[in-house]
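Structure record follows, encoded as structure tokens.
Protein chains in written order, with this note's numbering: chain A, 14 to 126; chain B, 38 to 152.
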């Protein structure tokens, strides 16, 4: 297994458009996390899945954001009606159990023009 | 609420020397984990070292070691024999053991290793 992968690596979009990102976790990991990282800051938690169930969402996750993990494997994060403030790096991580180390993907850098 | 503070936005060190990055955290919990992650320029975040709060012994990983002071809520990272490849952003992170897995990160320290 080659680790957590994310697609696309870069996305440039115009304000108001919808975008979708994909994350493929390490295959044996049942926990998947999304974080957002803005320039000069550490990552901030967005949401968490255990298998296909979304168990926790941050206040940062506005109604324009939705995440899914339909079969407990890959996950998608969709942002509707993008705003310039959504420009950031979106990171995905996975882990095998509670308290275990989270392994991060390379991230998707979103630029909203 | 838990918080993580990294008070050194930037640091530099000469190759082969030793450098220590600081991290303090605030929590009322006793069951937690602490991590140092490294994020090289334009590359993904990787784990450097991990410490369980219940363990008194400081974690070590090759050239990387921590000084975990639980009472002082301090978790510093020491890098020995610094190498050019250690140039990166370093993030300290806290994980409450009773949570679903919400890592709380500091703002990071940008480390530059100079030849």
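C-beta: ideal position from N, C-alpha, C; glycine also.
Taking 8 Å as the threshold, the shortest C-beta distance from residue 78 (chain A) to chain B does not fall below it. Using a CB distance cut-off of 8 Å, residue 58 (chain A) counts as an interface residue toward chain B. Nearest to residue 130 (chain B) by C-alpha distance, out of B:142, B:121, B:78, is B:142.
When B:152, B:60, B:151, B:107 are compared, the shortest CA-CA separation from residue 91 (chain B) is found for B:107.
Put simply, of A:39, A:54, A:29 the residue whose alpha carbon is nearest the alpha carbon of residue 102 (chain A) is A:54. Closer than 9 Å at the C-beta level to chain B, one finds these residues of the stretch 100-123 of chain A: 104, 106, 108, 111, 112, 113, 114, 115, 116, 117, 118, 119, 120.
Spanning the alpha carbons of residue 97 (chain A) and residue 28 (chain A) requires a straight line of approximately 6 Å. Here the alpha carbons of residue 114 (chain A) and residue 105 (chain B) stand approximately 18 Å from one another. Contact of residue 144 (chain B) with chain A is assigned, a C-beta pair being separated by under 8 Å. By the Cβ-count criterion, residue 94 (chain B) is exposed, with fewer than 16 other Cβ atoms from all chains shown falling within 10 Å of its own Cβ.
Not flagged as an interface residue toward chain B: residue 67 (chain A), since no C-beta distance is shorter than 8 Å. With 16 or more other Cβ atoms from the protein chains shown falling within 10 Å of its own Cβ, residue 99 (chain A) counts as buried. Ranked by Cα distance from residue 108 (chain A), the options A:44, A:69, A:30 are led by A:44. Listed as beta-bridge partners of residue 41 (chain B) by DSSP are B:62. For residue 37 (chain A), the enclosing beta strand (DSSP E) covers residues 32-37.
Contact annotation: in the stretch 85-110 of chain B, residues whose CB is within less than 7 Å of a CB in chain A are 87. Remark: C-beta atoms of residue 26 (chain A) and residue 17 (chain A) do not approach each other more closely than 8 Å. By the Cβ neighbour-count rule, residue 67 (chain B) is exposed, with fewer than 16 other Cβ atoms within 10 Å of its own. Selection A:58, A:123, A:87 evaluated against residue 35 (chain A) yields A:87 as nearest (Cα-Cα).
Within the same chain, 19, 22 come within 7 Å of residue 119 (chain A) by CB-CB distance, once the 5 residues on both sides are set aside.
Nearest CB-CB separation between residue 138 (chain B) and chain A: below the 8 Å threshold. In the three-state DSSP reduction, residue 76 (chain B) falls in the strand class (E or B). Closest option to residue 152 (chain B), judged by alpha-carbon separation, among B:97, B:52, B:111: B:52.
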